[in-house]
Structure formats: structure tokens, C-alpha cells
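Below: the structure, in C-alpha cells.
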Amino acid sequence: MEVANSPSVNADSSAPTITVTDGKPVVVDFSASWCPPCQQLKPIFASLTKEFEGRVTMVTVDVDENSDMAAKFDVHSIPTLIFFDANGSQQDRLEGFVPEDVLRSRIENLLNSPN
């Protein structure tokens, strides 16, 4: 998956990383359309995408359409949120539905972490 100004996967590494093209931290939401907790998280993720626009790149990856990517990041349950710093290194990971305040706090921690 590589789109202009979107992160891409570095598949050449034993520990997958995100290639950051815009110099911002990245939050990846691995989900599926048939997953009720994923659908519950969807409006929260969309709201926070707007709130943190310009500071964090937030993308959603459908595990059914991108099973190789999900496997590379060891995603076994959904939703799974993976947080990467501006260098593309994984900093945090959440599995399962999370409330908006928890997700916001993790994004703020990502922004405030030294990298």
C-alpha cells in the first residue's frame, strides 16, 4: 500500500516498520467491515483524524483487503491500532475497542514522545 503522502510498509525487515513520507507520526487502524468493535471504533477514529489533522497521519487498513500487511504487523485480532513515531518505529499498540479518551491520550503521548 503506497499512496502519495501516506505511510507504506517496509517488507524487507524482520521487524516491519512504516515508511513515513510526511514527517509525522502515524496511527494505523487494522479493521474489517464485518467486525462490530471495528465499526464502533470507526466514528471515533474519524473524529480524532480531524482533531489531529496536520500533526498525525491516521490510516485505516482493511485486513480482508490487506492480509499480507496485517500478517507483517502480527495482527491477530481486530481492531488493532499501531502507533509509529515520525521515524517509522512502532511506539505503542492497542487491541480491541478503545474509548475515545484512551485513544486521544495515546495519540497525545505519541506526539509528546522524544523521537
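In numbering that gives the first Met the number 0, the protein residues as written are 0 to 114. Cβ atoms here follow ideal geometry from the backbone N, Cα and C, with glycine treated the same way. The structure presented is a predicted model; accordingly, all values stated were derived computationally and were not measured.
Counted as a single uninterrupted DSSP element, the beta strand (DSSP E) harbouring Arg-92 occupies residues 89-94.
Only buried fits Thr-56, as 16 or more other CB atoms lie within 10 angstroms of its CB.
Considered as a whole, the stretch 41-112 harbours 56-61, 79-83 and 89-94 as its complete beta strand (DSSP E) runs of no fewer than 3 residues, in chain order. Here Phe-51 is not near Asp-28, since their CB atoms are 8 Å or more apart. The beta-carbon distance between Gly-95 and Pro-113, rounded to whole angstroms, is 28 Å. This is too long to meet the 8 Å contact definition.
In this structure Val-101 is exposed. Its beta-carbon is surrounded by fewer than 16 other beta-carbon atoms within 10 angstroms. Each of Thr-48, Pro-36, Cys-37 and Val-19 was checked against the Cα of Arg-103, and the nearest Cα belongs to Thr-48.
Annotation: the continuous beta strand (DSSP E) that includes Asp-28 extends over 25-30.
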